[in-house]
Amino acid sequence: MNKSFRFISRLYIACENYYSEEEAMKKTLKIIIPLLAVLLLVVTGCAASNQSTRSTSTSVPAAMPAPATAPSYGIAEKGMGEAADSSAVTGSSDIDRKIVRTGNISLEVDDIGKTMDEIVKIAADLGGYVVSSNRQGNDEYDSGRVSIRIPSDRFDEALGKLRVLAVKVLQESTNARDLTEEYTDLKAQLTNLQATEAQYLLLLQKAEKIDEVIAVQRELSNIRIQIDRIKGRMQYIDRTSEMSMIDISIRQTKSIDSKGWNPGDTLMSALSGLLVFGKVLVNIFIWVLIFCPIWGIALAVVLIIRHRKNKAKQSAAK
């Protein structure tokens with residue numbers, strides 16, 4: 007009985023302790039959970055800050071790669087990196103747009119000579135010049151062609167002045183090519199090549215052996231050829247973008263009936279026709295006269311052959 011009582015008492019105490027510990031645990035969790043939440047927010051904020059820092063650092067545009075460095079050929083290159091860095095500039099942001107404009111216009115005019123003179127004057131007044139000019143034709147049809155270059159900013163003005171010269175504009179077309187991107191690429195290539203050229207010049211100054219000097223000079227020659235080619239293309243783009251080309255075709259048609267009927271002209275035409283006919287008859291007579299001996303010989307041969315045939319037939323009949 008006592009044992010049972012003690013067992014029940016211990017069981018009661020254990021249950022009481024269990025529920026007491028459970029309540030204590032609940033209280034502890036009520037304190038720990040908010041602390042864990044705060045700690046989690048702090049950790050998340052730090053991670054986001056680190057990620058933002060990394061993304062910011064990676065979003066910065068990468069610097070333009072340094073120009074290709076020249077081989078050393080066993081020569082010290084101290085200070086060459088600084089020279090290349092100081093000479094490497096892109097300069098692409100300050101490049102003007104390189105737009106090449108061209109135009110073609112075909113005009114019908116009353117007086118082609120006067121019109122061509124006016125075109126030359128228009129080109130000169132607008133600050134341009136005539137590239138080429140030619141004229142051809144006859145009494146009924148006359149035509150010409152003029153090519154001019156004028157400043158690009160006066161391209162539309164020039165076309166307007168040319169239209170005024172025409173009785174009728176037969177055809178007109180314009181074209182524009184944007185070469186800015188090509189020009190920018192060429193400028194970057196030129197900068198890199200010039201930086202490389204400077205490096206080779208430094209190497210040439212430090213070269214001591216003949217084979218080293220020859221090798222550096224060979225590379226310098228190749229680089230300078232590339233530099234000259236790029237400069238030539240850039241100069242061409244500069245010229246064509248600053249001075250636009252316009253090709254003008256001119257046509258003048260003279261109508262025969264526009265003068266009306268003229269008896270004198272008709273009489274002269276008839277006399278001219280008679281003269282031509284007489285010339286033809288005289289030419290025929292001359293040809294026949296020249297070939298008479300040949301025709302006579304041929305006729306004599308034919309007659310002899312026929313005579314012999316007839317004589318042979320008569321002999322056979324007898």
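Under my numbering, the letters of the sequence shown match residues 7 to 324, in that order.
Virtual Cβ for every residue (Gly too), placed ideally from N, Cα, C.
Note that the structure is a prediction, hence the values are computed from the model and not measured.
Own chain residues within Cβ distance below 7 Å of residue i, not counting five before or after
{"i": "Ala172", "result": "Leu113, Glu114 and Val115"}
{"i": "Gln211", "result": "none"}
{"i": "Val222", "result": "Tyr79, Tyr206, Leu209, Leu210 and Ala213"}
Cut-off 6 Å between Cβ atoms - residues of its own chain near residue i, not counting five sequence neighbours on either side
{"i": "Ala182", "result": "Ile105 and Arg107"}
{"i": "Phe161", "result": "Arg107 and Ser250"}
{"i": "Asp184", "result": "Ile105"}
{"i": "Thr180", "result": "Gly109"}
{"i": "Thr186", "result": "Arg103 and Lys104"}
{"i": "Arg224", "result": "none"}
Supposed close pair residue i, residue j - CB separation, criterion 8 Å
{"i": "Ile111", "j": "Ile252", "result": "7 Å"}
{"i": "Ile229", "j": "Thr202", "result": "6 Å"}
{"i": "Gln195", "j": "Ile236", "result": "6 Å"}
Rounded separation between residue i and residue j - CA only
{"i": "His313", "j": "Gly284", "result": "40 Å"}
{"i": "Leu280", "j": "Ala130", "result": "53 Å"}
{"i": "Met70", "j": "Leu209", "result": "Here the model assigns Met70 a pLDDT of 36, short of 50, so the residue's position is not dependable and the matter cannot be decided."}
{"i": "Leu277", "j": "Asp271", "result": "10 Å"}
{"i": "Lys174", "j": "Asp159", "result": "26 Å"}
{"i": "Lys319", "j": "Ile300", "result": "29 Å"}
{"i": "Ile125", "j": "Tyr206", "result": "52 Å"}
{"i": "Arg169", "j": "Ile128", "result": "12 Å"}
{"i": "Cys298", "j": "Asn316", "result": "27 Å"}
{"i": "Leu309", "j": "Leu295", "result": "21 Å"}
{"i": "Lys120", "j": "Leu132", "result": "19 Å"}
{"i": "Ala304", "j": "Val282", "result": "32 Å"}
{"i": "Gln258", "j": "Val137", "result": "22 Å"}
{"i": "Met274", "j": "Asn289", "result": "22 Å"}
{"i": "Gly143", "j": "Leu226", "result": "56 Å"}
{"i": "Ser321", "j": "Ile311", "result": "16 Å"}
{"i": "Gly166", "j": "Gly238", "result": "33 Å"}
{"i": "Glu214", "j": "Tyr242", "result": "41 Å"}
{"i": "Pro269", "j": "Trp293", "result": "36 Å"}
{"i": "Val307", "j": "Ala323", "result": "25 Å"}
{"i": "Leu287", "j": "Ile154", "result": "54 Å"}
Residue i at chain D interface by Cβ criterion, 8 Å
{"i": "Ile254", "result": "Note that chain D does not occur in the displayed structure, where there is just one protein chain."}
Pick from the options that is closest to residue i, judged by C-alpha positions
{"i": "Asp244", "options": "Lys193, Ile125, Phe297 and Ala318", "result": "Lys193"}
{"i": "Ser247", "options": "Ile128, Ser138 and Glu188", "result": "Glu188"}
{"i": "Tyr135", "options": "Ile156, Gly302, Phe291 and Asp191", "result": "Ile156"}
{"i": "Ala164", "options": "Gly109, Gln320, Val286 and Gln205", "result": "Gly109"}
{"i": "Asp102", "options": "Val288, Val170, Ala201 and Met240", "result": "Met240"}
{"i": "Met397", "options": "Ser275, Gly133, Ile256 and Glu214", "result": "The structure shown does not extend to residue 397, since the chain is modelled only from 7 to 324, so the question has no answer here."}
{"i": "Asn140", "options": "Leu287, Tyr242, Leu305 and Ile254", "result": "Ile254"}
Cut-off 8 Å between Cβ atoms - residues of its own chain near residue i, not counting five sequence neighbours on either side
{"i": "Phe291", "result": "none"}
Review point. Contact between the segment 211-225 and the segment 146-159: three or more CB pairs below 8 Å?
Key: Cβ pair count under 8 Å is below three, so no.
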